[in-house]
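Peer 1: Dropping a structure here in structure tokens format, bear with me for questions.
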């Protein structure tokens, strides 16, 4: 607390996982520093959690937004321990390890050893029916092609085409990697998405050799190096038994003393004049859409790039934020009686290259991948639609969209049964697209903002990663960064 006993006041703009994490770690940071903090979260939605949205229905656990996270990214594991929900973590079904790629209307298993679309085992790669012999030989040229001497950023698509050839990029890597961002690989920044590719090339002179070495290094890492509970140590992906909302609910409880302003939007902020308001008054005011004004010593903006740009534009150059486009997507979840499906799923699902011309971009066999998600006598499928260049499909009427998705799964998997129910979730402007040079430009923005508006921090999925662990990490960094600015600890 300050000399007069007043609490440090913070306004967090955005109630998604980045905002909630920022609030949680602000409280921890304040306690660590022996200070008091009063926090207000502002979000235009009537609920917290952002894209995390779990539906629990008829014994099913249905994710309407993200459904899991990478176990190797520890910030979310650390948060689970901090919240006391680590025992709620669950992994994927070990019997559903296969993933398929649709090619010429048929499902082909991904060759063993494929890591983020990069082959690390040559024999299975040589046998796959996904590629022509010319495409396979072109990929193996990666062993002899010299590493690029360029140090600047480039697109994922250009990098993979340069190392492995266009065929591998379009038929294998694109449906796998673009599924994370719903984007076009030739427009997405390599440095901001998969920097390990460039590092593999730089260090080993070959992408394949480098990814193979990374795989061996990961396999050799001691189990004790991870805090992942023993029951789920062998799973690459994790979630919670009651869905990802488990984490939001735990955060909500941990933040019981934090004020919320839901259903209203932060429309502007301004810096107070100390001569007019007094030197001990908070330096900032945040204006809400309902006319309320919130005083703040620090502001953390976790809103999407387009909303963050609107807030920051009166104060600084926001070209880096305006350059981040967003793609709209939707997911269509269908439940079935297992007895009427006639299929024994042996994997986690399939992805679809653009060239296939289907409505769906991927399909997760959810009940096979996540055993907690469905009663044993039921089947749950989650189909994805929408990606960069193909967003109109997201806004098709429910019946038209459902018919298109059912037509695809009938043609691909032969499923003709009537669903027990269908849940459609549209996520408009939800997937940020990091352009080439993104990290450098956003770093400049943050440096300038820190100098010109100390105590104002901008973060979230628009910056350093769209995954839940990335957003949690950024929330923790924001909490530390705002306090450092507030206390003048930046040099």
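Numbering (the UniProt record's numbering), first residue to last: 1 to 491.
A virtual CB, placed ideally from N, CA and C, is assigned to each residue, including glycine.
For clarity, every value in this text was computed on a predicted model and none was experimentally measured.
1. Taking the alpha-carbon positions, what's the residue 178 to residue 116 distance?
2. By Cβ distance, which residues of its chain are closer than 7 Å to residue 302, with the 5 residues on each side in sequence left out?
3. Kindly list the residues whose CB is nearer than 6 Å to the CB of residue 324, restricted to its own chain and excluding five residues on each side of it in sequence; keep chain order.
4. Taking 8 Å as the cut-off, decide whether the C-beta atoms of residue 96 and residue 368 are in contact.
5. Which complete alpha helix (DSSP H) runs does the segment 325-398 hold, if anything under 4 residues is left out?
6. In chain order, what are the residue ranges of uninterrupted alpha helix (DSSP H) at least 4 long that sit wholly in the segment 394-447?
7. Just the Cα atoms here: how many angstroms apart are residue 378 and residue 272?
8. Could you say if the segment 258-271 and the segment 41-60 meet the contact criterion of at least three C-beta pairs nearer than 8 Å?
9. Tell me the DSSP secondary structure of residue 17 in three-state form.
10. Whole angstroms is fine: what's the gap from residue 173's alpha carbon to residue 489's?
11. On the DSSP bridge assignment, give the partners of residue 474 in chain order.
12. Output the distance between the C-alpha atoms of residue 480 and residue 486, rounded to the nearest integer angstrom.
13. For residue 364, I'd like the list of residues in its chain whose CB is within less than 6 Å of its CB, leaving aside the five on either flank, ordered along the chain.
14. With burial defined as no fewer than 16 other Cβ atoms inside 10 Å of the residue's Cβ, what is the status of residue 201: buried or exposed?
15. Please name the residue, chosen from 29, 105 and 148, that lies closest to residue 130 on a Cα-to-Cα basis.
16. Let's test the definition: count the other Cβ atoms within 10 Å of the Cβ of residue 2 and tell me whether it reaches 16, buried, or not, exposed.
17. So, is residue 293 buried or exposed, given that buried needs 16 or more other C-beta atoms within 10 angstroms?
18. Is the separation between the beta-carbon of residue 331 and that of residue 64 shorter than 8 Å?
19. Sort out for me which residues DSSP pairs residue 7 with in a bridge.
20. List, from N- to C-terminal side, the alpha helix (DSSP H) runs of 4 residues or more that fit wholly inside the segment 301-325.
21. For the beta strand (DSSP E) that residue 41 lies in, which residues bound it at each end?
Peer 2: Reading from the atomic positions:
1. The residue you call residue 178 lines up with position 178 of the chain shown. The residue you call residue 116 lines up with position 116 of the chain shown. Approximately 11 Å, taken between the alpha carbons.
2. In the chain shown, the residue the question calls residue 302 occupies position 302. Within the same chain, residue 302 has close Cβ partners 12, 13, 14, 16, 18, 19, 22, 459 and 460.
3. Numbered from 1 along the chain shown, position 324 holds the residue referred to as residue 324. 305, 432 and 462, listed in sequence order.
4. In the chain shown, residue 96 corresponds to position 96, counting from 1. In the chain shown, residue 368 corresponds to position 368, counting from 1. For residue 96 and residue 368, yes; Cβs fall inside 8 Å.
5. 366-369
6. 398-413
7. Counting from 1 along the chain shown, the entry for residue 378 is found at position 378. Counting from 1 along the chain shown, the entry for residue 272 is found at position 272. For residue 378 and residue 272, the distance between alpha carbons rounds to 59 Å.
8. yes
9. Reading the chain shown from its first residue, position 17 is the one you call residue 17. Three-state result, residue 17: helix.
10. The residue given as residue 173 occupies position 173 in the chain shown. The residue given as residue 489 occupies position 489 in the chain shown. Approximately 44 Å between the Cα atoms of the pair.
11. Taking the first residue of the chain shown as 1, we reach residue 474 at position 474. Looking at the DSSP assignment, residue 474 forms no beta bridge with any residue, so it has no partner.
12. In the chain shown, residue 480 corresponds to position 480, counting from 1. In the chain shown, residue 486 corresponds to position 486, counting from 1. Straight-line Cα distance between these residues: approximately 10 Å.
13. Here the question's residue 364 lines up with position 364 in the chain shown. Within the same chain, residue 364 has close Cβ partners 349 and 382.
14. For the purposes of this step, residue 201 is identified with residue 201 of the chain shown, where counting begins at 1. Answer is buried; the Cβ neighbour count reaches 16.
15. Position 130 of the chain shown, counted from the first residue, corresponds to residue 130. Comparing Cα-Cα distances from residue 130 to each of 29, 105 and 148, the minimum goes to 105.
16. To locate residue 2, count along the chain shown from 1; it is residue 2. Residue confidence is low: residue 2 scores 48 on pLDDT, short of 50, so the model does not pin down where it sits. No coordinate-derived value is stated.
17. Within the chain shown, the letter at position 293 stands for residue 293. Classification for residue 293: exposed.
18. Residue mapping note: residue 331 aligns to position 331 of the chain shown, counting from 1. Residue mapping note: residue 64 aligns to position 64 of the chain shown, counting from 1. Contact: yes.
19. By one-based count along the chain shown, residue 7 stands at place 7. Answer by DSSP bridge pairing: none, since residue 7 is not bridged.
20. 305-312 and 319-322
21. Along the chain shown, read from residue 1 onward, the residue named residue 41 stands at position 41. It spans 37-43 - the beta strand (DSSP E) in which residue 41 sits, taken as one unbroken run.
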